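Going by my numbering, the sequence shown opens with residue 12, and the numbers climb by one from there. Quick reminder that beta carbons are idealized off the backbone N, C-alpha and C, glycines included. Just so it is clear, the structure is predicted and the values come from calculations on it, not from any experiment. To start, the structure itself, in structure tokens.
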Amino acid sequence: LVSDLGSSARHYFNFNIVLENKKLKDEVEQLNAEKRELQFFKNENDNLKRVLGIKNRDDYVSVHTKIIHEDTNEFAKNLILTIGSNEGVQLGQAMVRNNVYLGKISEVNLFSSKAMVITDLNSRVPVVIPSRGVNAILKGNGLGGAQLLFLPQNVFFENNDQIYTSGSDGIIKEGLYVGKIITDNKKDIKKRKYSVDLGFKEHQLNYVSVLKVKK
12 LVSDLGSSAR HYFNFNIVLE NKKLKDEVEQ LNAEKRELQF FKNENDNLKR VLGIKNRDDY
72 VSVHTKIIHE DTNEFAKNLI LTIGSNEGVQ LGQAMVRNNV YLGKISEVNL FSSKAMVITD
132 LNSRVPVVIP SRGVNAILKG NGLGGAQLLF LPQNVFFENN DQIYTSGSDG IIKEGLYVGK
192 IITDNKKDIK KRKYSVDLGF KEHQLNYVSV LKVKK
């Protein structure tokens, strides 16, 4: 009887090991399948970026600089920076602070440059709202804010929908935080009004960075 019990116990133990090994093997195969699928979509995404001329996030380096002057009027907002073509600064490059998009280079000299802030009336930047699958253009309003243009019909926003640069112009880095959507929270989403809350305050700007493509 003792021998039979021991044999049954060993059989039960071995059966559990076989089941556990099969479960682990299935999990490994599932993980490998998911890894292959992710690699497939990554390759597709990289190929699409190459076709569209969109740079990868690690294709950029940042150059830190100080703001030495503000060149502003009623509707314009420009900053003078202490770096220029001597540091590889070029027209259209993004000006950022803590990975937040602030504006882009609009004029370049040898040892200085001018950057147009996102709130400038002439500012335009391609953006994406990932939570809604929406691309748009963010335009400065000249009054310290910005608004979304060229939105598709029948698109509706929720409070705190995040806005990022899309990188579709091939110059400005993809995925820089721009701001978030603020709505009036009306129950009827078709009647909701919204505004854009930018990710920075103009009076807080002192030191910034310019993003340039790696050589």
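C-beta contact flag for residue i and residue j at 7 Å
i	j	result
serine 124	valine 100	yes
valine 119	valine 221	no
tyrosine 112	valine 189	yes
alanine 147	valine 138	yes
leucine 187	threonine 176	yes
glycine 151	aspartate 172	no
glycine 153	phenylalanine 211	no
aspartate 180	isoleucine 193	no
aspartate 195	lysine 201	no
Proximity to residue i [Cα-Cα], best of the options
i	options	result
histidine 214	Ala44, Val72, Lys88	Lys88
arginine 143	Ala157, Asn133, Val166	Val166
glycine 114	Glu169, Gly155, Asp70	Gly155
lysine 225	Lys184, Asp82, Lys197	Lys184
asparagine 110	Lys198, Ile140, Tyr71, Asn170	Tyr71
lysine 198	Val145, Ile182, Lys34, Asn170	Asn170
glutamate 81	Lys46, Leu42, Ala126	Ala126
isoleucine 174	Asn32, Gly95, Ala44, Pro141	Pro141
Whole-number beta carbon distance between residue j and residue i, since they are thought to touch under 8 Å
i	j	result
isoleucine 129	alanine 157	6 Å
glycine 103	isoleucine 91	Their Cβ separation, rounded to whole angstroms, is 17 Å, which puts glycine 103 and isoleucine 91 out of contact at 8 Å.
valine 219	isoleucine 79	Not confirmed; about 11 Å, so no contact.
leucine 121	asparagine 84	26 Å between Cβ atoms; not a contact.
Could I get the ranges of all uninterrupted beta strand (DSSP E) runs contained in the segment 116-172, with 3 residues as the minimum, in chain order? 124-128, 135-140, 145-151, 157-160
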